[in-house]
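**Q** Under mature numbering (1 follows the signal peptide of the UniProt record, and there is no 0), residues -29 to -1, 1 to 240 are what the sequence shown spells out, in order.
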Amino acid sequence: MRLATTTLTAVATATALAATSTLSPVATAEETAPVPVVESGYVSWSIKDSFLRYLQGPIAKGSVTASEGLETIKNNSGKITDFKFPVDAEKTSINADGVGTIDLNGAIHFLGHKGHGGEANKNGYGLDVKLWDFKVKLTEKEAVITVDYLSKGWNPGENKPFEDQKGDDVEFAKLPLTAPIKPAVNQTVTSESGNGSLAKGGVEAMMGFYEEGIEMAPASFNVKFGEPVKPKDPAGSSLSTGGIIGIIVALLALIGGGAFFANQLGFLK
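1) Would you call the CB atoms of Leu75 and Asp53 closer than 8 angstroms?
2) What residues are listed by DSSP as bridge partners for Met187?
3) Return the CA-CA distance between Lys62 and Thr72, expressed in angstroms with no decimal places.
4) For Lys101, collect the residues of the same chain with a Cβ closer than 6 angstroms to its Cβ; drop the 5 residues on either side in sequence, then sort them by chain order.
5) For Gln136 and Gly173, what's the separation of their Cα atoms in angstroms?
6) Quick one, which of Gly69, Met187, Gly138 has its alpha-carbon nearest Val9's?
7) Quick one: Cα of Ala176 to Cα of Ile116, how far?
8) Buried or exposed: which applies to Pro29, given that a residue is buried once 16 or more other Cβ atoms fall within 10 Å of its Cβ?
9) If distances are taken between C-alpha atoms only, which option among Thr159, Phe180, Thr43, Ser64 comes closest to Val194?
10) At which residue ranges does the stretch 58 to 105 contain complete beta strand (DSSP E) runs of 3 or more residues, listed in the order of the chain?
11) What do you reckon, are the CB atoms on His84 and Ala155 nearer than 8 angstroms?
12) Work out the CA separation of Pro7 and Ile185 for me, nearest whole Å.
13) Rounded C-beta distance between Gly14 and Phe192? I'm assuming under 8 angstroms.
14) If you draw a straight line from the C-alpha of Lys145 to the C-alpha of Asp20, how long is it?
15) In this structure, what does DSSP give as the bridge partners for Asp119?
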């Protein structure tokens, strides 16, 4: 009776352990459903229409240079009116609620007021702004655009050069979304924003020419999603029936009941 009691106790313990190791990962997988991955896309955003017109107009007589894969849209006069930022799919992550980060390719160099670089740089530019590393931080209701920047130039009001300004991942502008960008299997999801507002980091990047909160251009978002990526099963997350019985037999062997239990199952016949 003592051996039988010990045997039954070991069987119950081993079975419970095996069942736990088998069922627990399944519950975790159900709780975290896979989300469709981003395959490609783009964001169209002109930043600020009046600024582009001014910079390329007769007063600033400047230029706008796009690089790092950034596409430009031009009017019949050859002036840039819009930018099309390609989505870097590998660095982009959006969850099921439309919350995440869209990483964008592209850099912009604004130059204006040539010859107004100050006494020390008479052939320089009064306005010299570089923007790159564009990202879109998404919530369900808002898109916050962040940038890296380097800005320099001449302050005509104080007749001295601006101190060079640098920033990394600063909040440049905030745009209200008309609809969240929620992933959908093998579909292209689009959304628009209303007019944006310049954030504090944008004021610094633009050398203080604009005040915080000033109206910025709206943007349009186009994101193509593919299939969900199934999460990998954790190591040892499931056991076959043979594996479970093997555990039971091994435990029984430690207490001398292995042969008895195996015979009862017909293993030694």
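Every residue gets a Cβ at the ideal spot worked out from N, C-alpha and C, and that includes glycine.
**A** Short version:
1) Indexing the sequence shown from 1 puts residue 75 at position 104. Indexing the sequence shown from 1 puts residue 53 at position 82. Result no, Cβ atoms of Leu75 and Asp53 do not sit closer than 8 angstroms.
2) Counted from its first residue, the sequence shown places residue 187 at position 216. The partner list for Met187 (beta bridge, DSSP) reads Gly167.
3) Here residue 62 is taken as the residue at index 91 of the sequence shown, counted from 1. Here residue 72 is taken as the residue at index 101 of the sequence shown, counted from 1. If I take the Cα positions, the gap works out to 8 angstroms.
4) Locating residue 101 in the sequence shown gives position 130, where the first residue counts as 1. Spatial neighbours of Lys101 in its own chain (CB-CB distance under 6 angstroms, excluding positions within 5 residues in sequence) are listed in chain order as His80, Leu121.
5) What you label residue 136 is simply residue 165 of the sequence shown in a count that begins at 1. What you label residue 173 is simply residue 202 of the sequence shown in a count that begins at 1. Gln136 and Gly173: Cα-Cα distance of roughly 11 angstroms.
6) Here the question's residue 9 lines up with position 38 in the sequence shown. Looking at the Cα atoms, Gly69 is the closest of the given residues.
7) Locating residue 176 in the sequence shown gives position 205, counting from the first residue. Locating residue 116 in the sequence shown gives position 145, counting from the first residue. Going from the Cα of Ala176 to the Cα of Ile116 covers about 13 angstroms.
8) Numbered from its first residue, the sequence shown carries residue 29 at position 58. Exposed, since its Cβ has fewer than 16 Cβ neighbours within 10 Å.
9) Sequence index remark: in the sequence shown, residue 194 carries index 223 (1-based). Considering only alpha carbons, the answer is Thr159.
10) 71 to 74, 78 to 85
11) On the sequence shown, position 113 is the one that residue 84 refers to. On the sequence shown, position 184 is the one that residue 155 refers to. Going by C-beta atoms, His84 is not nearer than 8 angstroms to Ala155.
12) As a first step, residue 185 must be located in the sequence shown, where it is residue number 214. As a first step, residue 7 must be located in the sequence shown, where it is residue number 36. The straight-line gap from Cα to Cα measures roughly 36 angstroms.
13) For the purposes of this step, residue 14 is identified with residue 43 of the sequence shown, where counting begins at 1. For the purposes of this step, residue 192 is identified with residue 221 of the sequence shown, where counting begins at 1. Note on residue identity: the sequence assigns Val, not Gly, to residue 14. That pair is a contact at about 5 angstroms.
14) One-based indexing of the sequence shown puts residue 145 at position 174. One-based indexing of the sequence shown puts residue 20 at position 49. Computed Cα separation, rounded: 16 angstroms.
15) Position 148 of the sequence shown, counted from the start, is the residue given in the question as residue 119. As computed with DSSP, Asp119 is found in a beta bridge with Trp103.
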